[in-house]
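First the structure, in the form of structure tokens, and then the observations on it.
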Amino acid sequence: MLEKELQSHQWKAFRRHSMFERNMGVKVFMFVIFGILGLQLMSVGFLLEQILLDVGEYTYAIDTFNYILFPLFLFDFTLKYTMKQSNSMQIAPYLTLPIKRNKLFNFLLIKEFSNIWNLYLFFLVIPFGLKAITPYFGFFSAVLYILFFYLLCVGNSLLANMVNQLQKINGWLYYLPFLVVAGLFALTIPSWSPIGEFTVKVGDWLLEKNLFVWLAEIAMLFVLWKLNQRFMRQEVYRELQGKKVKEAAAFTGLSFLDKLGEKGEFIQTEIKMIFRSKRLKQQMYMMGFFFVFYFFMLFSADSQFNRIYFSKLFFSIFLVGFLGLIMSQYMFTSESSFFDGLMARKHSILNLLKGKYIFYSACSVLTTLILMVPVFMGKLDFFFLISVFFYSIGFLYFLMFQNAVYNKSYFDLFDGGAMNWKGTSGNMLVVTMLGMFLPVIIAMIIAGIFNETIANYYMLGMGLLFTITAKSWLRWTYNRFLKRKYRNMEGFRSNA
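My numbering applies: residue 873 is where the sequence shown begins, and numbers increase by one.
And the structure:
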């Protein structure tokens, strides 16, 4: 009865939201994408038995599949940890009612069984399991195997939720799971590793209907369930005790920015938002991952990265302009909770735009200086890097700053989830996609018609043009925003 009431509350909150149509459109779009992915995985599932028989050393395809099961679940965990948004609800209003908190937590945890992130591998295993298991072990064994696999996916999701709760306590813990996953994956590579043989043995016990395997899985799910309850309870306590305010005060300011006047104040506000916002902080952590990936591709012996102009260009622009790309897509929406206050006081929104541009460009300078290391080692061309730098802070930022004109969605600074669509609008997606891909496409067309050197000269010239005229196009962007300010500000308020 309670579960039905809670479901009713969540549906009503979703249905009565002022942006119901847009949110429903996003959900339908995501379901269509996952539906297409599910059909593709089912197609692979039908072919997987023959593929594994050809490449594997075992008599049965299911044994080869069990051998690679551990790396598969490491991949599944990484995907869920980085992209899956944890189920959430406003628990505070229910705390004054005579309802046990564990019932509220159980309501959220039960949703894991129908979460779409736990179903994508399910589409792969159903056709494969029926084809690879039924002829040799019977239909009932195939059904039990598929059910066991699905429960492992749910357990992996509970583990990802728990680790995500941990990194909320300390942001630096975000990187720890990647190191652990990399270490565990490295253990599966050597031929002497017992992990593959162990998972094959567990699979044999499962097909032989060994009760011990089921008891072990139930015990694992029970432990993960209880741990999730505990971490969710701690998160509620942290929110009630105002832990977020304490953490927000961790950054006090940078005194040298005071010399920039109002622009410096806005830069400090931007830095504080990054430190305070879970959502922005998670995206900033990804910058470390891209740095490692970029350097790995540059210094890898057999990598084609440096030889393929598109990959080198795309990832270089993405890395040099990373902060601007991430933050400028939320231009003014990140300030939506206090934008009325900015407009009501004697603050210049033009200075806000200038402060953001200075901050993003300064971060691009820092990134470029770090990338001078591979330049000195002969892994990256100096002229190419300088061209990418000016292209990013010039043409790329010009395109991305147009989000200031069209953004009109409310952004919750304390909301979490790297794949969170709240605060995202169609205008934002269009402008961001143009900003990310149009500069690369134009440079690639020039490189295709002429050569890479001409493309680098084009990037340098275009970048310098937009960098030198930054004050002009920032004022032009500001004037265009003024024409839409009431419409945008109404969106900030109505979407909250």
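For every residue, glycine included, the Cβ atom is placed at its ideal position computed from N, Cα and C.
- Counting other Cβ atoms within 10 Å of its Cβ, Ala1216 stays below 16 and is therefore classed as exposed.
- Here Tyr1358 is exposed: its Cβ has fewer than 16 other Cβ atoms, across all protein chains shown, within 10 Å.
- In the three-state scheme derived from DSSP, where H, G and I count as helix and E and B as strand, Thr1304 is classed as helix.
- The C-beta separation of Leu1078 from Tyr1017 comes to about 6 Å, placing the pair in contact by the 8 Å criterion.
- For Phe1057, the closest alpha carbon among the candidates Phe995, Tyr939 and Phe1020 is that of Tyr939.
- If you ignore the 5 residues before and after Phe1364, its C-beta comes within less than 7 Å of the C-beta of Ser1208, Phe1211, Lys1280 and Tyr1282, all in its own chain and listed in chain order.
- A contact is defined here as three or more CB-CB pairs under 8 Å, and the region 1317-1325 fails this definition with respect to the region 1163-1170.
- About 6 Å separates the CB atoms of Tyr953 and Val1035; that is less than 8 Å, so the two are in contact.
- In the three-state reduction of the DSSP assignment, Trp1345 falls in the helix class.
- Cβ contact annotation for Gly1001 (same chain, cutoff 7 Å, sequence separation greater than five): Ala1014, Tyr1017 and Ile1018, in chain order.
- Remark: C-beta atoms of Leu1195 and Gly1266 do not approach each other more closely than 8 Å.
- Taking 8 Å as the cut-off, the Cβ atoms of Asn1275 and Met1308 do not count as close.
- In the structure shown, Asn1178 falls within a coil segment according to DSSP collapsed to helix, strand and coil.
- Unbroken alpha helix (DSSP H) runs of no fewer than 4 residues, entirely contained in the region 1192-1275, are found at 1194-1200, 1211-1216, 1221-1242, 1244-1248, 1254-1263 and 1269-1272, following chain order.
- Residue environment: Tyr932 is assigned as buried (16 or more neighbouring CB atoms within 10 Å of its CB, all protein chains considered).
- Ser1264 and Met1361 have their C-alpha atoms spaced approximately 29 Å apart.
- C-alpha of Leu920 to C-alpha of Leu911: approximately 14 Å in a straight line.
- CA-CA distance, Gly1075 to Phe1094, rounds to 21 Å.
- Here the alpha carbons of Leu944 and Ile1313 stand approximately 34 Å from one another.
- For Gln957, no alpha helix (DSSP H) segment is defined, and its DSSP state is neither H nor E.
- Proximity of the region 1062-1070 to the region 985-992 falls short of the contact definition, fewer than three beta-carbon pairs being nearer than 8 Å.
- Phe1255 has its alpha-carbon roughly 37 Å from the corresponding atom of Leu1045.
- Residue nearest to Glu984 within the set Cys1025, Tyr1269 and Phe1128 is Cys1025 (criterion: CA-CA distance).
- Here DSSP, grouped into helix, strand and coil, assigns Gly1136 to helix.
- Nearest to Tyr1269 by alpha-carbon distance, out of Ser1233, Asp1253 and Tyr1022, is Ser1233.
- Tyr1358 carries a helical assignment under DSSP once its states are collapsed to helix, strand and coil.
- Taken through DSSP and simplified to helix, strand or coil, Lys1073 comes out as helix.
- For Thr936, the enclosing alpha helix (DSSP H) has its first and last residue at Ala933 to Tyr939.
- Contact annotation: Leu1271 and Leu1241 have beta-carbon atoms that are not nearer than 8 Å.
- Boundaries of the alpha helix (DSSP H) harbouring Phe1057: Leu1048 to Thr1060, taken from the DSSP string.
- Pairing Thr1239 with Val1192 gives a Cβ-Cβ distance under 8 Å.
- The three-state reading of DSSP puts Asp1284 in coil, since its state is none of H, G, I, E or B.
- Inter-residue distance for Ile998 and Gly928 is about 20 Å (C-alpha atoms, whole angstroms).
- Here Gly928 carries a coil assignment [DSSP, helix/strand/coil].
- A residue is called buried once 16 or more other Cβ atoms fall within 10 Å of its Cβ, and Asn974, having fewer, is exposed.
- Taking C-beta separations shorter than 6 Å and ignoring five residues to either side along the sequence, the partners of Met1334 in its chain run Phe1267, following chain order.
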